[in-house]
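Residue numbers (numbering that gives the first Met the number 0), protein chains in the order written: chain X, 0 to 480; chain Z, 0 to 480.
Think of the CB as a built atom: it goes at the ideal place given N, C-alpha and C, for glycine as much as any other residue.
Read the structure below first, then the notes.
Number of protein chains: 2
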Amino acid sequence: MPAPDKFLSFIDEHADKFIKRLGEAVAIPSISGDAAHRQDVFKMGNWLQGQLNTVGVQTKLVDLGKHVMDGQELQLPPAILGRIGDDSKKKTVLIYGHYDVQPAELSDGWDTEPFKLVVDEASGRLIGRGATDDKGPILGWLNVLEAHKTLGLELPVNLRFCFEGMEESGSEGLDDLIKSEVAKGKDGWFDGVDCVCISDNYWLNNRTPCITYGLRGIAYFKVTVSGPTRDLHSGIFGRTVYEPMTALVALMSKLVAPDGTILVPGVEDLVPNATDEEIAIYNKLDYSVQDVEQAAGAPIAISSDKATVIMGRMRMPSLSLHGIEGAFSGAGGKTVIPASVSGKFSIRLVPPQTPEDIATLVEKYLKDEFAKLNTKATLKIENLHGGKPWVADHKHWNFEAAKIATRAVYNRDPDLTREGGSIPVTLTFADSLGVNVLLLPMGRGDDGAHSTNEKLDRSNFLKGSKLLGTYLYEVGAIATA
Amino acid sequence: MPAPDKFLSFIDEHADKFIKRLGEAVAIPSISGDAAHRQDVFKMGNWLQGQLNTVGVQTKLVDLGKHVMDGQELQLPPAILGRIGDDSKKKTVLIYGHYDVQPAELSDGWDTEPFKLVVDEASGRLIGRGATDDKGPILGWLNVLEAHKTLGLELPVNLRFCFEGMEESGSEGLDDLIKSEVAKGKDGWFDGVDCVCISDNYWLNNRTPCITYGLRGIAYFKVTVSGPTRDLHSGIFGRTVYEPMTALVALMSKLVAPDGTILVPGVEDLVPNATDEEIAIYNKLDYSVQDVEQAAGAPIAISSDKATVIMGRMRMPSLSLHGIEGAFSGAGGKTVIPASVSGKFSIRLVPPQTPEDIATLVEKYLKDEFAKLNTKATLKIENLHGGKPWVADHKHWNFEAAKIATRAVYNRDPDLTREGGSIPVTLTFADSLGVNVLLLPMGRGDDGAHSTNEKLDRSNFLKGSKLLGTYLYEVGAIATA
């Protein structure tokens, strides 16, 4: 069931108004990771609640309690639960998004003020912090709802909403809220949910819309090697004591090969080899080795084989060495033997890996390798955080609806992608609701979420709004099919 | 010729005043390695010049030009040349010291503010950055001069001074100055110098004074591996690109074994094996494996054999990994793939090694090993600074004077030691003046130079001042013997 023409036209006709509303949202610096901006996150939550109410959504702000950040106890921004429609003959779609943003300052290298939306007519870009992550997509839903309310169109599905203000800072409190709402069943805000749609990621490139059915998980490790009780002078102590840095660097060198192969025994064995059919899927994606190298800014792809590079991101685990805490990290030449050094690395996980079984393998390996070093320094292994990987059934009707909607709006097939990063809430929805979860991105691969000059293309904002609406019609069509 | 009793008494009677003056010196954060503190280094130089003038020393500040640090062009702190006495019947002693210090911040783990001298009555410690390295010893000379001026005592020798403000940052400009002053002969500030005395090192332990006749040299390397043009997100890019950290850590792991053996081919081969006679000398020193472990604060000595551990410091080269610049070094877990990372390490050298032949071996080895990694990241090797090792004749009259002075003040024979650290200027003085150079330390082995909670014991400051003065009398006695 295609979306009605008057809905689609409404989006184009009200483009300026929608962009103005995005400007209002961007102007509120709702930075969840900065205590000084906590009130702005609340302000943004109130603004969003008001907008939802205006377009007919019943809402509730849920207090998630307090937490400690930068040594201060702070009130957590509320989750916004919402509902519109209660027709048992219709499917019910749960929408997730977040109204907080990453920090941004002009001095970080922005060309324009980050919290003032700039409409660049020449490039067609809407530039500002949060434009694509995740205020643009949230406002896409508002655009859909406003069109229906103004035009007097009936929504093709029942909608439930869950918007949070802490996504950029660990989604504190959200998992518990979701589980508790699910547990309430018919009396909760997630009653009757048939599927979930999250619009909080990006196309693989700048050309082809995509639908995402997988995310990597993560297991983050901190490995501390300690020796002397204080930093020592390398002239006085060099070659008299076992140096922690020597042992830590030796350990870290045994984790991953230059080509990305993970050397921790068992970690790669958990992952099934790609079938020829699977490799064909990756080869078909509108993405090239050159795209990766362009995004990285240098000719450093791990392979000249397209499928190898793309699978490296989407269906293989990866291990990155992030750095060392406690060692000399400044400029110049300091002749110190650091007393205690902590190597930081993380492994991105794919099914069936879990943070728990990876931690077991990593800890055993590090202990074994450390013993071989025969050092008198001591070893401590910590697991800083973890999240499971997620892969959905991309042949589910939820995905089919999104594919049809994409074809209708963009006149082409979407890429079916898995993402290298992690959005832990995805898995919480999938596991606790037991329904299919879909990631339907609005922005492009070069939007620069978390970076300077974050933008959302005007065409992606408008076509993206049409896509979200059309997707609801296709879900509705399946319900009545 | 023993030092006059009234000189020795004067030191004890004026202890509080001398400690107060040390507090003034410590309060100036003259960190030569930090551009933001450059003006403090100048301030310290001016303060020291004023003090020298007050006790009768004629001085000259020598402009050493400019240099580039952290991308900024900076004026180098001046060298302070000084002279007092011009009696052709007396020997002339050249004194060297440095008025700059290592960086220090409370957050590094100091128990007290590093730039506020704390007099801990219970332990008898004077705690603060520079207390022992090298403001305490410089002030020891001031104490000697003040005593003689106040008491109307004639100095037993002519004195020449050379104090610099860049010792902790490679002594830039100093070698040229020394050579040029030496070249001026009678018209220069080093006219008639018979011997040199440097007080800028430490006892081997906390009990026995020592005199030092050897120093290790140093070759300091910065190895940069670069890949992408900006830091990347490990979720999006992990296993799609060659990561610079992976290659750098692999390279750094190939430099030194946990037991201190240097793995760069050729570096150890340059050093002759120790003879049995030599090993016997090291076994005789008042120093034990337990002393090393006590100073390090942990049971981490590389061997249970005394001579092996002491030779590791005194007559063997050592390689220490200091840290990595450009990687994630903060607390917590950041999922970054750093774009460009620089490993810092240095090799302490012993005769006949030179920084030049070591650099050749290191660069070849790093390039060979990097090639084996088959990464598309790029390698750059820089030689940050270097200094030759030095060994003097410890039977020279300069050393005999220091031995007699030590017996007089401490009532025991000094240990004769070689040091693990580097004071490159020692060699410049020895080579360009062609006279004997002596290292006569003031502080103890646990003073923590370059570390947190740097201290000088009150008794070392006072007895050390007496020692420096008594040494001058013994040199004077040799002149008239």
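Practice item. Evaluate Z/THR53 with the Cβ neighbour count: other Cβ atoms within 10 Å of its Cβ, from every protein chain shown; 16 or more gives buried, anything less gives exposed. Key: Looking up residue 53 of chain Z in the second sequence gives position 54. Exposed, because fewer than 16 other Cβ atoms sit within 10 Å of the Cβ of Z/THR53.
Exercise for review: Note the first and the last residue of the continuous alpha helix (DSSP H) segment covering X/MET310.
Suggested key: Counted from its first residue, the first sequence places residue 310 of chain X at position 311. That run of the alpha helix (DSSP H) goes 305-313.
Review point. Going straight from the alpha carbon of Z/THR451 to that of Z/GLY108, what length do you get?
Key: On the second sequence, position 452 is the one that residue 451 of chain Z refers to. On the second sequence, position 109 is the one that residue 108 of chain Z refers to. Cα to Cα, Z/THR451 sits roughly 6 Å from Z/GLY108.
Check your understanding: Do you know how far the Cα of Z/PRO337 is from the Cα of X/PRO113?
Key -> By one-based count along the first sequence, residue 113 of chain X stands at place 114. By one-based count along the second sequence, residue 337 of chain Z stands at place 338. Going from the Cα of X/PRO113 to the Cα of Z/PRO337 covers about 24 Å.
Practice item. Determine, using beta carbons only, whether Z/GLY385 and Z/MET313 come nearer to each other than 8 Å. Key: The sequence position of residue 385 of chain Z within the second sequence is 386, counting from 1. The sequence position of residue 313 of chain Z within the second sequence is 314, counting from 1. Taking 8 Å as the Cβ cut-off, Z/GLY385 and Z/MET313 do not qualify as a contacting pair.
Exercise for review: Give, in chain order, every unbroken run of the alpha helix (DSSP H) that is at least 4 residues long and sits entirely within the region 252-293 of chain X.
Suggested key: DSSP runs (the alpha helix (DSSP H)) wholly in the region 252-293 of chain X: 275-283.
Practice item. Could you tell me which uninterrupted alpha helix (DSSP H) segments, each at least 4 residues in length, are contained entirely in the region 100-175 of chain Z, listed from first to last along the chain? Key: Listed in chain order, they are 135-150.
Check your understanding: Do Z/ASP285 and Z/ILE422 have their C-beta atoms closer together than 8 Å?
Key -> In the second sequence, residue 285 of chain Z corresponds to position 286, counting from 1. In the second sequence, residue 422 of chain Z corresponds to position 423, counting from 1. One thing to note: Z/ASP285 has its Cβ no nearer than 8 Å to the Cβ of Z/ILE422.
Practice item. Under 9 Å between beta-carbons, which chain X residues line up against Z/ASN204? List them in chain order, please. Key: Taking the second sequence and counting its residues from 1, one reaches residue 204 of chain Z at position 205. Residues of chain X with a Cβ closer than 9 Å to the Cβ of Z/ASN204 do not exist, since the nearest Cβ in that chain sits about 12 Å away.
Check your understanding: Which of the residues in the region 107-128 of chain X, read from start to end, lie with their CB under 7 Å from any CB of chain Z?
Key -> Result list empty, no residue passes.
Practice item. Round the Cβ separation of Z/LEU250 and Z/GLY322 to the nearest angstrom and send it over; I've been treating them as touching at under 8 Å. Key: Taking the first residue of the second sequence as position 1, residue 250 of chain Z is located at position 251. Taking the first residue of the second sequence as position 1, residue 322 of chain Z is located at position 323. With 8 Å as the limit, Z/LEU250 and Z/GLY322 do not qualify as a contact, their Cβ atoms being about 14 Å apart.
Review point. Under the three-state reduction of DSSP, which class applies to X/THR353: helix, strand or coil?
Key: Here residue 353 of chain X refers to the residue found at position 354 of the first sequence. Reduced to three states, the DSSP call for X/THR353 is coil.
Practice item. Just the chain X side, please: which residues come within less than 7 Å of Z/LEU372 by C-beta, in chain order? Key: Translated into the one-based positions of the second sequence, residue 372 of chain Z becomes position 373. Within chain X, PRO257 have C-beta atoms less than 7 Å from the C-beta of Z/LEU372, given in sequence order.
Practice item. Identify which residue in X/GLU276, X/ALA300, X/ALA34 and X/VAL143 has its Cα closest to the Cα of X/VAL100. Key: Here the question's residue 100 of chain X lines up with position 101 in the first sequence. Cα-wise, what sits closest to X/VAL100 is X/ALA34.
Review point. Can you list, in chain order, the residues of its chain whose CB lies under 6 Å from that of X/GLY447, leaving out five sequence neighbours each side?
Key: Residue 447 of chain X sits at position 448 when you count from the first residue of the first sequence. Cβ neighbours of X/GLY447 beyond the five flanking positions: GLU453.
**Study point:** Close-in-space but distant-in-sequence residues of the same chain around X/ALA256 (CB under 8 Å, 5 per side omitted)
**Key:** The sequence position of residue 256 of chain X within the first sequence is 257, counting from 1. For X/ALA256, the CB contacts under 8 Å within the same chain, skipping 5 residues up- and downstream, are LEU262 in chain order.
Check your understanding: Between Z/GLY468 and Z/GLY84, what straight-line distance do the alpha-carbon atoms span, to the nearest angstrom?
Key -> Counting from one through the second sequence, the residue named residue 468 of chain Z turns up at place 469. Counting from one through the second sequence, the residue named residue 84 of chain Z turns up at place 85. Distance between the alpha carbons of Z/GLY468 and Z/GLY84: 15 Å.
Practice item. Inspect the beta-carbon positions of Z/VAL240 and Z/ILE346 and report whether they are closer than 8 Å. Key: For this step, residue 240 of chain Z is matched to residue 241 along the second sequence. For this step, residue 346 of chain Z is matched to residue 347 along the second sequence. Z/VAL240 places its beta carbon 8 Å or farther from that of Z/ILE346.
Review point. Where does Z/SER341 sit, in a helix, a strand or coil, going by DSSP?
Key: In the second sequence, counting from the first residue as 1, residue 341 of chain Z sits at position 342. Strand.
Point to revise | Closer than 7 Å: Z/PHE160 CB and nearest the ligand MG heavy atom | key: This structure simply doesn't include the ligand MG, nor any ligand for that matter.
Check your understanding: What is the residue span of the beta strand (DSSP E) that Z/MET68 lies within?
Key -> Counted from its first residue, the second sequence places residue 68 of chain Z at position 69. Here the beta strand (DSSP E) through Z/MET68 covers 65-68.
Point to revise | Residue interval of the beta strand (DSSP E) (run including Z/SER317) | key: The count along the second sequence starts at 1 and reaches residue 317 of chain Z at position 318. That run of the beta strand (DSSP E) goes 317-324.
Check your understanding: In three-state DSSP terms, what is Z/LEU372?
Key -> Within the second sequence, the letter at position 373 stands for residue 372 of chain Z. In the structure shown, Z/LEU372 falls within a helical segment according to DSSP collapsed to helix, strand and coil.
Practice item. Provide the residue span of the alpha helix (DSSP H) that contains Z/SER431, from first to last. Key: As a first step, residue 431 of chain Z must be located in the second sequence, where it is residue number 432. Its alpha helix (DSSP H) spans residues 423-432.
Exercise for review: State buried or exposed for X/THR149, treating a residue as buried only when at least 16 other CB atoms are found within 10 Å of its CB.
Suggested key: Within the first sequence, residue 149 of chain X is the residue found at index 150, counting from 1. With fewer than 16 Cβ atoms within 10 Å of its Cβ, X/THR149 is classed as exposed.
Practice item. For X/GLU72, write down the residues that DSSP places opposite it in a beta bridge. Key: As a first step, residue 72 of chain X is located in the first sequence; it is residue number 73 there, counting from the start. Paired residues: X/VAL67.
Exercise for review: Classify X/TRP396 as helix, strand or coil using the three-state DSSP reduction.
Suggested key: Here residue 396 of chain X refers to the residue found at position 397 of the first sequence. Three-state result, X/TRP396: helix.
Exercise for review: Mind checking the region 223-246 of chain X against chain Z and listing, in chain order, the residues whose C-beta falls within less than 7 Å of any C-beta there?
Suggested key: Under the 7 Å Cβ criterion, the region 223-246 of chain X contributes GLY226, PRO227, THR228, ARG229, ASP230, LEU231, HIS232, SER233, GLY234, ILE235, PHE236, GLY237, ARG238, THR239, VAL240, TYR241, GLU242, MET244, THR245 and ALA246.
Exercise for review: Alpha carbon to alpha carbon, how far is Z/GLY123 from Z/PHE9? Give it in angstroms, no decimals.
Suggested key: The count along the second sequence starts at 1 and reaches residue 9 of chain Z at position 10. The count along the second sequence starts at 1 and reaches residue 123 of chain Z at position 124. Roughly 20 Å separates the two Cα atoms.
Practice item. Please check the pair Z/ASN205 and Z/ARG443, which I expect to be a contact at CB under 8 Å, by giving their CB distance rounded to whole angstroms. Key: Reading the second sequence from its first residue, position 206 is the one you call residue 205 of chain Z. Reading the second sequence from its first residue, position 444 is the one you call residue 443 of chain Z. Rounded, the Cβ-Cβ distance is 5 Å, consistent with contact.
Check your understanding: Taking the C-alpha atoms as reference points, what is the distance between Z/GLU355 and Z/VAL308?
Key -> As a first step, residue 355 of chain Z is located in the second sequence; it is residue number 356 there, counting from the start. As a first step, residue 308 of chain Z is located in the second sequence; it is residue number 309 there, counting from the start. Going from the Cα of Z/GLU355 to the Cα of Z/VAL308 covers about 27 Å.
Practice item. Could you name the residues of the same chain whose beta carbon sits closer than 8 Å to that of X/GLU381, not counting the 5 residues immediately before and after it, in chain order? Key: Counted from its first residue, the first sequence places residue 381 of chain X at position 382. Result list for X/GLU381: PHE220, LYS221, VAL222 and THR223, in chain order.
Check your understanding: For the region 319-335 of chain X, which residues have a CB atom closer than 7 Å to at least one CB atom of chain Z, in sequence order?
Key -> Against chain Z - using a Cβ distance shorter than 7 Å - the residues of the region 319-335 of chain X are SER319, LEU320, HIS321, GLY322, ILE323, GLU324, ALA326, PHE327, SER328, GLY329, ALA330, GLY331, GLY332, LYS333, THR334 and VAL335.
Check your understanding: Between Z/ASP174 and Z/THR425, is the Cβ-Cβ spacing less than 8 Å?
Key -> As a first step, residue 174 of chain Z must be located in the second sequence, where it is residue number 175. As a first step, residue 425 of chain Z must be located in the second sequence, where it is residue number 426. No, they are not a contact pair.
Point to revise | Residues in the region 435-455 of chain Z having any Cβ partner in chain X nearer than 9 Å | key: Only those residues of the region 435-455 of chain Z whose C-beta falls short of 9 Å from the nearest C-beta of chain X are listed: GLY444, GLY447, ALA448, HIS449, SER450, THR451 and ASN452.
Review point. If the cut is a Cβ gap below 8 Å, which residues of chain Z does X/ARG82 touch?
Key: Looking up residue 82 of chain X in the first sequence gives position 83. Here the premise fails: no neighbours, minimum Cβ distance about 32 Å.
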